[in-house]
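Shown next, in structure tokens, is the structure this report addresses.
There are 2 protein chains.
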Amino acid sequence: MKVTRTQIVDRAYDLLRDHGLSSLSMRRVALDLGVQPGALYYHVANKQELLAVVAARVLEDFPASATDPRSAAEAFRTALLRVRDGAEVVSFVQAYRPEIVTPTATLHRLFSTRLGPRHADWAARTVVHYVLGFVAEEQNRAELVHAGVVEEAPSDAGKPDEAFLFGVDAILNGLSSTRT
Amino acid sequence: MKVTRTQIVDRAYDLLRDHGLSSLSMRRVALDLGVQPGALYYHVANKQELLAVVAARVLEDFPASATDPRSAAEAFRTALLRVRDGAEVVSFVQAYRPEIVTPTATLHRLFSTRLGPRHADWAARTVVHYVLGFVAEEQNRAELVHAGVVEEAPSDAGKPDEAFLFGVDAILNGLSSTRT
DNA sequence: ACCTGAACACCGTTCAAGT
DNA sequence: ACCTGAACACCGTTCAAGT
Numbered sequence: 001m002k003v004t005r006t007q008i009v010d011r012a013y014d015l016l017r018d019h020g021l022s023s024l025s026m027r028r029v030a031l032d033l034g035v036q037p038g039a040l041y042y043h044v045a046n047k048q049e050l051l052a053v054v055a056a057r058v059l060e061d062f063p064a065s066a067t068d069p070r071s072a073a074e075a076f077r078t079a080l081l082r083v084r085d086g087a088e089v090v091s092f093v094q095a096y097r098p099e100i101v102t103p104t105a106t107l108h109r110l111f112s113t114r115l116g117p118r119h120a121d122w123a124a125r126t127v128v129h130y131v132l133g134f135v136a137e138e139q140n141r142a143e144l145v146h147a148g149v150v151e152e153a154p155s156d157a158g159k160p161d162e163a164f165l166f167g168v169d170a171i172l173n174g175l176s177s178t179r180t
Numbered sequence: 001m002k003v004t005r006t007q008i009v010d011r012a013y014d015l016l017r018d019h020g021l022s023s024l025s026m027r028r029v030a031l032d033l034g035v036q037p038g039a040l041y042y043h044v045a046n047k048q049e050l051l052a053v054v055a056a057r058v059l060e061d062f063p064a065s066a067t068d069p070r071s072a073a074e075a076f077r078t079a080l081l082r083v084r085d086g087a088e089v090v091s092f093v094q095a096y097r098p099e100i101v102t103p104t105a106t107l108h109r110l111f112s113t114r115l116g117p118r119h120a121d122w123a124a125r126t127v128v129h130y131v132l133g134f135v136a137e138e139q140n141r142a143e144l145v146h147a148g149v150v151e152e153a154p155s156d157a158g159k160p161d162e163a164f165l166f167g168v169d170a171i172l173n174g175l176s177s178t179r180t
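Top to bottom, those sequences are chains A and B.
For the first sequence, full-length UniProt numbering assigns the number 1 to the initial residue and increments by one for each residue that follows.
For the second sequence, full-length UniProt numbering assigns the number 1 to the initial residue and increments by one for each residue that follows.
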């Protein structure tokens, strides 16, 4: 049985998107591809590296062409929500391989028109931290609801979009009154 | 060999604080207490519940007496940094048992003087998400550095405190120009 | 009431040996 | 070059049986 790196990444991505991080194991990927677990390590260094390239794929449909921070933040969240546990995976990869989290670079570019490179960096990371924190909470909650360990709170049923944008607008508002 | 719930929580907390989340296993706790793994389940429902009470202990030295959001955010971060992977654990527990994340309530109270309950809630959660996102990244990075899988970036050696406060101030700045 | 022993169903990773 | 077989060192959780 022959396997390619692409097949491994594809299968890992599909497992994550459809069944979440707890279902994404090396052994499960190997099983689905009809191969022994050890075979994967000829194409991929370890699980961390696999997660990094899966995270890159999650962020692939984030439009680098965003013209303003607000819509960049929205697009970032949308990309994360397309995949189960998307925020958690990207969050981990951010520490492991920061350059993979492309929204940071996009936001940095957008803030650079108004702020110096140092402040633009901090500003971009502020937005990224907020988005990852917000989406991580809503996805973690969704996983727990799905597992039946916690029931949907009435406040959740409310308007997550509205709450999300409230925070984004507050941050961008505060940043716009910052000078360099 | 007799074990109490308190001993279990104490040992779990110490393992997390000193060796991080990857070292905090039910089997390790049981081994350290000289008991079989199954014995723990007489005192604790499962690992999730154990993590929840450990998270509560992490937040114990967060002063509920904070008088302004800025120092509350700082105290929140300080409490998280005292324990390895503190942000990750609290992040998970936030979805599982939100009421355990006491800084949210404290911030809510502080914002309530200026904002209505709905906006005060969103404002508190914006700050909480930012703090958790920020600290999660710095702690994840620290774990990877400690494991030797990634080397310290020069930007990290910079001023995390300054970057942190930049974001906090931007958020609070933006929130203060919000009316209800 | 509380614990042991033992199992069930999993993990990530390595590596000699095969083709 | 690439994979198998098999192991190593782990996980969380359950549960009959013992005391």
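Even for Gly, the Cβ is constructed at its ideal location relative to N, Cα and C.
Since this is a predicted model, take the numbers as computed values, not measurements.
Got a sec, what are the start and stop residues for the alpha helix (DSSP H) residue i sits in?
{"i": "A:Leu-165", "result": "160–176"}
{"i": "B:Asp-14", "result": "5–19"}
{"i": "A:Arg-57", "result": "47–58"}
{"i": "A:Gln-139", "result": "117–147"}
{"i": "A:Gly-38", "result": "Taken as a continuous stretch (DSSP letters only), A:Gly-38 belongs to no alpha helix (DSSP H), as it is neither H nor E."}
{"i": "B:Arg-70", "result": "69–81"}
{"i": "B:Ser-112", "result": "102–112"}
{"i": "A:Glu-151", "result": "Looking at the DSSP string, A:Glu-151 is not in any alpha helix (DSSP H), and its letter there is neither H nor E."}
{"i": "A:Glu-99", "result": "That residue, A:Glu-99, is in no alpha helix (DSSP H); it is neither H nor E in DSSP."}
{"i": "A:Ala-66", "result": "Neither: A:Ala-66 is in no alpha helix (DSSP H) and is coded neither H nor E."}
{"i": "A:Arg-28", "result": "26–32"}
Run through chain A and tell me which residues come within less than 7 Å of residue i, C-beta to C-beta.
{"i": "B:Thr-178", "result": "Ala-170"}
{"i": "B:Leu-132", "result": "Gly-133"}
Taking the CB atoms as reference points, tell me whether residue i and residue j lie closer together than 7 Å.
{"i": "A:Ala-163", "j": "B:Trp-122", "result": "yes"}
{"i": "B:Leu-59", "j": "B:Thr-102", "result": "yes"}
{"i": "A:Ser-23", "j": "A:Leu-15", "result": "yes"}
{"i": "A:Ala-73", "j": "A:Val-135", "result": "no"}
{"i": "A:Leu-50", "j": "A:Val-44", "result": "yes"}
{"i": "B:Leu-40", "j": "B:Ala-30", "result": "yes"}
{"i": "B:Ala-124", "j": "B:Ser-112", "result": "no"}
Use the C-beta contact count for residue i: other C-beta atoms within 10 angstroms, 16 or more gives buried, fewer gives exposed.
{"i": "A:Thr-106", "result": "buried"}
{"i": "A:Leu-110", "result": "buried"}
{"i": "B:Gln-36", "result": "exposed"}
{"i": "B:Thr-126", "result": "buried"}
{"i": "A:Asn-140", "result": "buried"}
{"i": "A:Ser-65", "result": "exposed"}
{"i": "A:Arg-27", "result": "exposed"}
{"i": "residue 196 of chain B", "result": "Because chain B spans 1 through 180 in this model, residue 196 of chain B falls outside it and cannot be assessed."}
{"i": "A:His-146", "result": "exposed"}
{"i": "B:Thr-104", "result": "buried"}
Output, in chain order, the set of chain B residues within a Cβ distance shorter than 8 Å of residue i.
{"i": "A:Tyr-41", "result": "Under the 8 Å cutoff, chain B gives no residues; its nearest Cβ is about 16 Å from A:Tyr-41."}
What whole-angstrom Cβ distance do residue i and residue j have, given they're in contact under 8 Å?
{"i": "A:Gly-20", "j": "A:Asp-85", "result": "5 Å"}
{"i": "A:Asn-173", "j": "B:Gly-174", "result": "4 Å"}
{"i": "B:Ala-79", "j": "B:Phe-62", "result": "4 Å"}
{"i": "B:Tyr-96", "j": "B:Val-54", "result": "The pair is not a contact, with the Cβ atoms about 12 Å apart (cut-off 8 Å)."}
Answer yes or no: the CB of residue i versus the heavy atoms of the ligand GTP, is any distance below 6 Å?
{"i": "A:Val-9", "result": "As for the ligand GTP, it is missing from this structure, which has no ligand bound."}
At a CB-CB cut-off below 7 Å, which residues of chain B make contact with residue i?
{"i": "A:Gly-148", "result": "Residues of chain B passing the Cβ test: none, with the nearest at roughly 13 Å."}
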